[in-house]
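K.L.:
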Amino acid sequence: MPYSATPRLGFVGAGRLARCVSRAWSRAGYPVTAIASRSLGSARALADQLPGCLVAEDPQAVAARADIVFLTVPDDEIGAAANALRIEPSGDGARAVVHCSGATPVDVLAPVRARGGDIGGFHPLYLFGGVDGDLTRIQGCSVTIEAPSELLEALNGLARALGCHPLSIPPGGRMLYHAAAHYAASFALAALSETVSLWQQLGFSEDDALRAVLPMLAGTIETAREKGLAGALAGPVSRGDAGIVEKQLALLDGLGGDHATLYALMTRRAIELARRRPVPPSPNALAAMERSVERILDASRTAANVRPHQGVAQ
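If you read the sequence shown in the UniProt record's numbering, its first letter stands for residue 1, the second for the next number, and so on.
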């Protein structure tokens, strides 16, 4: 049986994700009927912004008032939350339970399916800041969805109500999907942190460094949107400046730590992008850069193999 065009929605968890999507769906005409949270204050603060929303005493009270229950709790708590829900699809309560994790398999909700309910995953590809601006900034993002057909249709509609693009993911694919997504989120921040760390050695403050590189990052993203990844590639690798790459690797290697290793690994990826450019660097330049990269990585592997044996009594 198809879901209602505007199913009743309930939430277990009142964190950043719930605060954004529940308010956006309420504004789009979806009834958000109940919210439960370990923090009563958080649940009450969110419910106060949603017409007719109950602050529920426990997850089961949410399930009694909703058609779809969203579990917006930490990954380690999803299974326990699902086990605690008594789903009776033939009654007036919830027909489906959906978690919002990018990494946790949907099968963690199997107890719900065993009781006749639908289960699914709904993961917005967005870094929630917990601010009002999330409601507009999430528009245009993608949401990765895994669900059986009728629930899938309902979740696709909910994604579009957020102004987002729904993406389907095959069963068992969430861990790889989520690991890859880190490169566009947390690891992008880690790359910025490396920039700040290196520039601080030149006397830059973190604020000055970020003020300098964030506009460049924004421009890179917009260029990638227009020209694709290979078309947006800039810097010495894109030009085939093998000598610059070699000198920078040597400089970073002299700083110690893993600065040169990180640079070498990222340069390896950049070389593959350079090969895909409409006019790639010369084969000789690409080969020279690859040799410089492999020298650093070979040295790093050698050091890693030696390190555990240091300090061992003879």
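Don't be surprised by glycine CBs; every beta carbon is placed ideally from N, CA and C.
In the structure shown, what three-state DSSP assignment does residue 316 receive?
P.N.:
Nothing can be reported for residue 316: it is not among the residues displayed for the chain, which extend from 1 to 314.
K.L.:
Output the boundary residues of the beta strand (DSSP E) element that contains Ser282.
P.N.:
Working through the sequence shown from its first residue, we reach residue 282 at position 282. From DSSP, Ser282 is part of no beta strand (DSSP E); its letter is neither H nor E.
K.L.:
Take Ala209 and list the residues in its own chain whose beta-carbon comes closer than 8 Å to its own, dropping the five residues that flank it on each side.
P.N.:
Locating residue 209 in the sequence shown gives position 209, where the first residue counts as 1. Same-chain partners within the cutoff: Thr195, Val196, Trp199, Gln200.
K.L.:
Roughly how many whole angstroms lie between the Cα atoms of Leu214 and His259?
P.N.:
The count along the sequence shown starts at 1 and reaches residue 214 at position 214. The count along the sequence shown starts at 1 and reaches residue 259 at position 259. Going by the C-alpha atoms only, they are around 21 Å apart.
K.L.:
Determine which residues share a DSSP beta bridge with Pro166 and list them.
P.N.:
Within the sequence shown, numbered from 1, the residue matching residue 166 stands at position 166. Its beta-bridge partners are Val143.
K.L.:
DSSP three-state label for Val213, please.
P.N.:
For the purposes of this step, residue 213 is identified with residue 213 of the sequence shown, where counting begins at 1. Val213 falls in the helix class under three-state DSSP.
K.L.:
Quick check on the burial criterion: 16 or more other C-beta atoms within 10 angstroms. Buried or exposed for Met216?
P.N.:
Stepping through the sequence shown from its first residue, residue 216 is reached at position 216. That one is exposed.
K.L.:
Strictly by DSSP, which residues pair up with Ile271?
P.N.:
As a first step, residue 271 is located in the sequence shown; it is residue number 271 there, counting from the start. None; Ile271 has no bridge partner.
K.L.:
Would Ala103 and His178 be called neighbours here (beta carbons separated by less than 8 Å)?
P.N.:
Here residue 103 corresponds to residue number 103 of the sequence shown, with the count starting at 1. Here residue 178 corresponds to residue number 178 of the sequence shown, with the count starting at 1. Yes, the pair counts as a contact, with Cβ atoms nearer than the cut-off.
K.L.:
Going by DSSP, what residue range makes up the alpha helix (DSSP H) through Ala34?
P.N.:
In the sequence shown, counting from the first residue as 1, residue 34 sits at position 34. Element bounds for Ala34: not the alpha helix (DSSP H) but the beta strand (DSSP E), 32-36.
K.L.:
Where do the N-terminal and C-terminal ends of the beta strand (DSSP E) with Asp118 fall, by residue?
P.N.:
What you label residue 118 is simply residue 118 of the sequence shown in a count that begins at 1. 118-124 is the extent of the beta strand (DSSP E) around Asp118.
K.L.:
Going by beta-carbon coordinates alone, are Arg277 and Leu233 separated by less than 8 Å?
P.N.:
Your numbering for residue 277 matches position 277 in the sequence shown. Your numbering for residue 233 matches position 233 in the sequence shown. Cβ atoms of Arg277 and Leu233: closer than 8 Å.
K.L.:
Could you check whether Val112 and Leu85 sit closer than 8 Å to each other, using their CB atoms as the reference points?
P.N.:
Position 85 of the sequence shown, counted from the first residue, corresponds to residue 85. Position 112 of the sequence shown, counted from the first residue, corresponds to residue 112. Yes; because the gap between Cβ atoms is below 8 Å, this pair is in contact.
K.L.:
Out of curiosity, what's the CA-to-CA distance linking Leu167 and Gly13?
P.N.:
On the sequence shown, residue 167 is found 167 positions in, with the first residue counted as 1. On the sequence shown, residue 13 is found 13 positions in, with the first residue counted as 1. Going from the Cα of Leu167 to the Cα of Gly13 covers about 24 Å.
K.L.:
Over what stretch of residues does the beta strand (DSSP E) that includes Ala94 continue unbroken?
P.N.:
Residue numbering aside, residue 94 sits at position 94 when the sequence shown is read from its first letter. Counting along the chain, Ala94 falls outside any beta strand (DSSP E), and DSSP gives it neither H nor E.
K.L.:
To the nearest angstrom, report how far apart Leu273 and Ala287 are at their CA atoms.
P.N.:
Counted from its first residue, the sequence shown places residue 273 at position 273. Counted from its first residue, the sequence shown places residue 287 at position 287. Straight-line Cα distance between these residues: approximately 14 Å.
K.L.:
Apply the 10 Å Cβ neighbour rule to Asn156 and answer buried if 16 or more other Cβ atoms are within range, or exposed otherwise.
P.N.:
Walking along the sequence shown from the start, residue 156 turns up at place 156. Per the 10 Å Cβ criterion, buried.
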